[in-house]
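Everything on this sheet refers to the single structure shown next.
Protein chains: 2
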Amino acid sequence: MSLHDDLRAIALAEFATAGYAATSLQRIADLAGTSKASVLYHFESKERLLADIVSPALDDIERVVHSMLAEPRVEPVAFGEQFVERFVDLLLTHRDVVPIIINQGATLDDVPVMHRATETMRQIAELFRLASSSTIEKLRFGIAFGGVAYTLASAERLGLSGEIPTDELRSALLSILHDLLVPAASETR
Amino acid sequence: MSLHDDLRAIALAEFATAGYAATSLQRIADLAGTSKASVLYHFESKERLLADIVSPALDDIERVVHSMLAEPRVEPVAFGEQFVERFVDLLLTHRDVVPIIINQGATLDDVPVMHRATETMRQIAELFRLASSSTIEKLRFGIAFGGVAYTLASAERLGLSGEIPTDELRSALLSILHDLLVPAASETR
DNA sequence: CAGGAAACTGACCGATCGGTGAGTGCGAGG
DNA sequence: CCTCGCACTCACCGATCGGTCAGTTTCCTG
């Protein structure tokens with residue numbers, strides 16, 4: 015693996031655990047066994063380093079969200095079934111980046127790439143708004159997806175996850191989301 | 015209201031929205047129309063200021079958690095019904111502090127009071143572990159409570175909440191949590 | 001009015017941060 | 001052999017941070 019990739023991997027791990035603001039370029043350099051100036055040679059700035067890490071996941075998420083927004087309007091129950099699976103797969107695919115977006119999106123809104131992350135999350139919230147009529151139903155969507163994302167992002171830190179195989183985790187998440195969303199969409203509340 | 019209380023209120027709002035690390039004492043002083051040295055006169059350090067803001071909420075949460083841990087073991091379904099209501103009331107009571115704990119607990123673990131917050135959340139996770147047998151059930155608890163906490167903490171930022179009366183919000187949250195947890199506890203999965 | 005405590009200020013400190021720029025080591029290619 | 005460019009380093013910069021301290025203002029009390 016090249017130093018470039020090493021640096022990105024180290025920065026990703028540090029940003030996710032200690033936080034972007036609390037991780038200095040010097041620390042990344044030390045962990046990689048190189049100099050701070052070398053980090054800034056490979057990534058022109060600290061913000062660019064974060065953007066290189068987060069952008070691919072954001073691209074994926076936005077693609078899914080935009081396709082959902084573009085598709086002809088479907089019934090809530092169909093929306094739930096369609097979106098749940100795509101969303102869970104997105105979270106699992108970008109499992110290492112999700113904690114950064116979830117836990118630090120709020121405080122890093124002045125960093126361009128994180129502002130974009132916030133906008134993307136707002137679009138997901140907009141999807142909920144379109145798919146649900148009542149206030150409680152919006153809340154239900156928010157809790158379901160926010161809960162999955164936050165639990166996935168924080169499980170390791172809180173010692174909650176253990177070591178669950180990915181496919182088992184996937185089916186468990188789908189089952190829980192289905193329980194929470196499908197009754198809400200099919201019944202009148 | 016005294017300047018002391020003003021400063022705490024301003025700091026609370028800034029810590030919750032912009033983040034602890036991104037909020038300088040100078041900015042708090044400017045917003046309060048005083049000097050940075052005056053802030054440090056009222057609160058001996060920035061960490062102390064944060065501790066004064068977060069500690070009361072942590073005291074409340076820990077009191078509930080400890081009483082739950084001390085009570086004789088109950089059936090999962092009873093645990094769910096007992097804890098759900100107390101937990102929702104805690105979140106609503108300390109609604110303004112919750113975003114700080116939820117969104118910044120991960121990155122501020124070196125600050126003593128936030129380390130305590132993380133420990134408290136870990137104890138809540140321990141409650142889930144005791145109350146649930148299977149992996150999927152633990153996940154269910156985590157998603158339910160994490161989802162409520164995270165949604166409540168992020169709703170305003172994402173423009174999701176609107177202006178929901180507190181009592182309506184409370185009953186909605188209780189209803190959703192009940193749907194998610196009680197079936198899980200009463201059935202065998 | 002005297003005085004002492006409480007409230008507050010401005011100047012300053014050391015540390016750390018992200019970032020710059022000149023310069024070095026080096027391997028490939030003409 | 002020479003040169004060019006990539007990878008990298010070292011010294012340094014300005015800005016900002018939290019925090020200290022000596023001194024001043026404010027105000028209550030005896």
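In order, the protein sequence lines correspond to chains A and B.
Positions 15 to 203 (this note's numbering) are the ones given, in order, by the first sequence.
Positions 15 to 203 (this note's numbering) are the ones given, in order, by the second sequence.
Glycine included, each C-beta is placed from N, C-alpha and C at the ideal position.
- Residue burial annotation: Ser16(A) is exposed, with fewer than 16 other C-beta atoms found within 10 angstroms of its C-beta.
- In the three-state reduction of the DSSP assignment, Ser185(B) falls in the helix class.
- A straight-line Cα-Cα distance of about 29 Å links Ser59(A) and Glu61(B).
- By the criterion of a C-beta distance shorter than 6 Å, Ala120(B) is surrounded by no residue of its chain, once the five residues flanking it on both sides are discounted.
- With respect to chain B, the C-beta atom of Ile115(A) has no partner C-beta closer than 7 Å.
- By the beta-carbon neighbour count (other beta carbons within 10 angstroms, threshold 16), Pro113(B) is buried.
- With distances taken between CA atoms, Leu54(A) lies nearest to Leu21(A) out of Glu28(A), Leu21(A), Arg130(A).
- Residue burial annotation: Glu151(A) is buried, with at least 16 other C-beta atoms found within 10 angstroms of its C-beta.
- The beta carbon of Arg130(B) sits closer than 7 Å to those of Leu72, all from its chain and outside the five residues before and after it, given in chain order.
- Interface annotation for the stretch 127-143 of chain B against chain A: Thr132, Met135, Arg136, Ile138, Ala139, Glu140, Phe142, Arg143, criterion Cβ-Cβ distance under 9 Å.
- With the rule of 3 Cβ pairs closer than 8 Å, the stretch 166-182 of chain A does not count as touching the stretch 172-190 of chain B.
- If you draw a straight line from the Cα of Ile157(A) to the Cα of Leu187(B), it is about 9 Å long.
- Asp181(B) counts as exposed, since fewer than 16 other beta carbons sit within 10 angstroms of its beta carbon.
- Here Gly47(A) is exposed: its Cβ has fewer than 16 other Cβ atoms, across all protein chains shown, within 10 Å.
- When only Cα atoms are considered, Leu195(A) and Asn117(A) end up about 24 Å apart.
- Per DSSP, Pro113(B) is one residue of the alpha helix (DSSP H) stretching across 112-118.
- For Val162(B), the enclosing alpha helix (DSSP H) starts and ends at 149-168.
- Neighbours of Val53(B) in chain A, taken as residues whose beta carbon is under 7 Å from its own, are absent, since the nearest beta carbon is some 20 Å off.
- With respect to Ala25(B), Leu63(B) sits close: the two C-beta atoms are nearer than 7 Å.
- Residue burial is scored here from C-beta neighbours: Leu141(B) has at least 16 other C-beta atoms within 10 angstroms and is therefore classed as buried.
- Using beta-carbon distances, Leu174(B) counts as an interface residue toward chain A, with a partner under 7 Å.
- By the neighbour-count definition (other C-beta atoms within 10 Å, threshold 16), Leu144(A) is an exposed residue.
- Listed by position along chain B, the residues whose Cβ is nearer than 7 Å to that of Val102(A) form an empty set, because the closest Cβ is around 12 Å away.
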